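Numbering (our numbering), first residue to last: 5 to 393.
We treat Cβ as the ideally placed atom computed from N, Cα and C, and that holds for glycine.
Quick caveat: nothing in here was measured; it's all calculated off a predicted structure.
Notes follow the structure.
Here it is as C-alpha cells:
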C-alpha cells in the first residue's frame with residue numbers, strides 16, 4: 005500500500021467517509037419506514053427492492069455516463085445527487101412520500117458513483133496489482149459500513165433530524181474534494197460506446213454476482229427487523245460493525261490467495277460460509293446473531309472480490325463498464341431479494357416463525373449455486389454445439 009498515489013489515497017479515504025455517512029442511515033431504513041412512518045412490511049419490501057434496483061442496476065447507466073462525460077465529472081455529479089438525497093430525508097421524517105423519494109435519490113447517486121470511482125481508482129494500475137487495489141477500495145467502503153451503524157445507533161430513532169443533517173453536510177464536503185480532483189486525460193478515458201454498455205457481459209460472474217447479492221440482501225435488509233426485538237439496537241449495530249470489519253481486515257490480507265483460487269472453489273467456499281451463517285441466525289440469540297454475521301462475512305470476503313476479479317479477467321470492456329455490469333447484476337439480485345424477502349419475512353413473522361425465514365435463506369445458499377452453475381454450463385455446451393454445427 006506504500007506505493008498508492010495521493011489520488012488513490014484520497015479516493016480510499018473518501019470511500020470510507022461516503023460509506024460511513026450512508027450506512028449511518030440506510031441499514032435502519034426498514035425500521036424507520038415500518039416503525040416510525042407506519043408502512044407495512046410488504047410495502048417496505050417493495051420500497052427497498054426498488055431502491056436496491058436503482059442503486060445497483062442503475063450503475064449500468066453510471067458506466068454510460070462515465071464514458072460520455074468522464075470519470076471525475078461523473079463522481080462529482082453523483083455526490084451532488086446523494087447530498088440532496090440525504091438532505092431530503094429530513095423532510096421525509098414527517099412525510100413518508102418524501103422519505104421514499106429521498107431513498108431513491110440517494111440510490112441514484114450511488115449508481116452513478118461506484119463504477120466511476122472504481123475505474124478512476126484503477127487508472128494506470130497493472131493487472132497484477134488489481135486484487136490489492138480492488139480489495140483496498142472494498143475495505144475502505146466496508147470500514148465506513150462497519151462504523152456507520154454504530155455511530156448512528158444512539159440517534160437514528162431519537163434524534164434523526166440532526167443525524168441526517170450531519171450526513172448531508174459530510175457528503176457536501178466530500179463533493180467539494182472530488183471537484184478538486186484532476187479530470188482524467190483523454191487517453192485514460194474509458195473506451196467504448198455509451199449506447200452499448202450491455203455488450204460483452206461475462207455470463208458466469210454476472211450470474212454469480214446476482215445470486216450473491218440476492219442472498220446477501222436478505223441479511224442486509226431484514227436482520228434489523230429480526231434482531232432489534234431480540235437484542236438491543238447497539239448490539240445489532242456492533243454485529244454489523246464486526247461483519248464489516250471482517251471484510252476490511254480479511255479481504256486485503258487474502259486478496260492474493262482469492263485471486264489465485266479457481267472460480268468454482270471460491271464459489272464453494274463462499275456459499276458454504278453464507279449458508280452456515282444464515283442458518284445460525286435462525287437460533288435467534290445474541291451469540292447466534294453475532295456468529296451468523298461473522299460466518300456470512302467470511303463468505304462475502306471471497307465472493308465479493310472474486311466475482312469482480314473474474315469479471316475483469318473475462319471481459320474486454322473498460323473497467324468502468326465492467327463495474328457497471330457487475331452492479332447491474334447486483335441490482336437484479338437485490339431487487340429479487342427485496343420483493344421475496346419482504347413477502348417471505350412478513351409471512352414467517354406473521355405466523356410467529358421468523359427464525360424459519362433464515363433457514364429458508366440457508367437452504368437457498370446450498371441449492372441455488374450448483375443449480376445455477378449447471379444451467380449455465382448446459383447453456384455454454386449448447387452454444388458450443390450450435391457453433392460447431
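Residue i, buried or exposed, once every other Cβ within 10 Å from all chains shown has been counted against 16
i, result
"residue 197", "Only weak support is given to the placement of residue 197: the predicted model assigns it a pLDDT of 48, under 50, and the value that follows is read from those uncertain coordinates. Exposed, by the Cβ-count rule."
"residue 99", "exposed"
"residue 379", "exposed"
"residue 9", "exposed"
"residue 236", "exposed"
"residue 357", "exposed"
"residue 299", "buried"
"residue 13", "exposed"
"residue 135", "buried"
"residue 101", "exposed"
"residue 7", "exposed"
"residue 321", "buried"
"residue 266", "exposed"
"residue 231", "buried"
"residue 355", "exposed"
"residue 375", "exposed"
Residue of the options minimising C-alpha distance to residue i
i, options, result
"residue 214", "30, 56 and 41", "56"
"residue 216", "287, 177 and 304", "304"
"residue 227", "263, 342 and 74", "342"
"residue 280", "322, 83 and 367", "367"
"residue 103", "138, 164, 20 and 297", "164"
"residue 34", "77, 107, 11 and 204", "107"
"residue 15", "27, 41, 83 and 29", "83"
"residue 210", "230, 316, 130 and 229", "316"
"residue 21", "345, 105, 48 and 146", "146"
"residue 79", "47, 355, 41 and 118", "118"
"residue 297", "224, 265, 256 and 260", "224"
"residue 48", "349, 130 and 322", "349"
"residue 324", "23, 74, 36 and 46", "74"
"residue 109", "254, 241, 152 and 172", "172"
"residue 94", "257, 41 and 338", "41"
"residue 319", "260, 156, 205 and 264", "205"
Inter-residue Cα distance where the pair is residue i and residue j
i, j, result
"residue 351", "residue 301", "27 Å"
"residue 96", "residue 132", "46 Å"
"residue 72", "residue 364", "43 Å"
"residue 68", "residue 81", "14 Å"
"residue 195", "residue 246", "Because residue 195 sits at a pLDDT of 49, beneath the cut-off of 50, its placement in the model cannot be relied upon, and the following sentence gives the value as read from the coordinates. Using only the alpha carbons, I get a separation of about 39 Å."
"residue 121", "residue 250", "23 Å"
"residue 238", "residue 124", "36 Å"
"residue 373", "residue 275", "7 Å"
"residue 63", "residue 70", "10 Å"
"residue 419", "residue 306", "Absent from the model: residue 419. The displayed extent of the chain is 5 to 393, so no value can be given."
"residue 377", "residue 314", "15 Å"
"residue 76", "residue 170", "25 Å"
"residue 38", "residue 207", "37 Å"
"residue 150", "residue 222", "18 Å"
"residue 333", "residue 243", "27 Å"
"residue 65", "residue 203", "13 Å"
"residue 25", "residue 43", "24 Å"
"residue 371", "residue 282", "14 Å"
"residue 137", "residue 105", "34 Å"
"residue 30", "residue 36", "10 Å"
"residue 2", "residue 252", "Any answer about residue 2 is impossible in this case: the structure gives the chain only from 5 up to 393."
"residue 435", "residue 183", "Residue 435 falls outside the range modelled here, since the chain spans only 5 to 393, and no answer is possible."
"residue 260", "residue 153", "30 Å"
"residue 130", "residue 257", "19 Å"
"residue 381", "residue 338", "24 Å"
Proximal residues to residue i (C-beta, below 6 Å), its chain only, five neighbours per side dropped
i, result
"residue 335", "57, 60 and 61"
"residue 18", "178"
"residue 295", "284"
"residue 248", "146, 149 and 150"
"residue 286", "359, 362 and 363"
Sequence-distant residues of its chain with Cβ nearer than 8 Å to residue i (five each side left out)
i, result
"residue 234", "288, 289, 290 and 293"
"residue 199", "Confidence in residue 199 is poor, its pLDDT being 48 and thus under 50, which makes the residue's placement unreliable; the coordinate value appears in the next sentence. Contacts found: 68."
"residue 46", "346, 347 and 350"
"residue 174", "21, 24 and 25"
Same chain, Cβ closer than 7 Å to residue i, neighbours up to 5 away in sequence not counted
i, result
"residue 159", "166 and 167"
"residue 383", "none"
"residue 219", "278, 365, 368 and 369"
"residue 340", "218"
"residue 4", "Since the first residue shown for the chain is 5 and the last is 393, residue 4 is missing from the structure and cannot be characterised."
Given 8 Å, three or more beta-carbon pairs between the segment 113-130 and the segment 82-96: yes
Contact between the segment 267-274 and the segment 307-315 (3+ Cβ pairs under 8 Å): yes
The segment 325-334 touching the segment 135-148, judged by at least three CB pairs closer than 8 Å: no
Segment contact flag, the segment 174-183 with the segment 38-53, C-beta cutoff 8 Å, min 3 pairs: no
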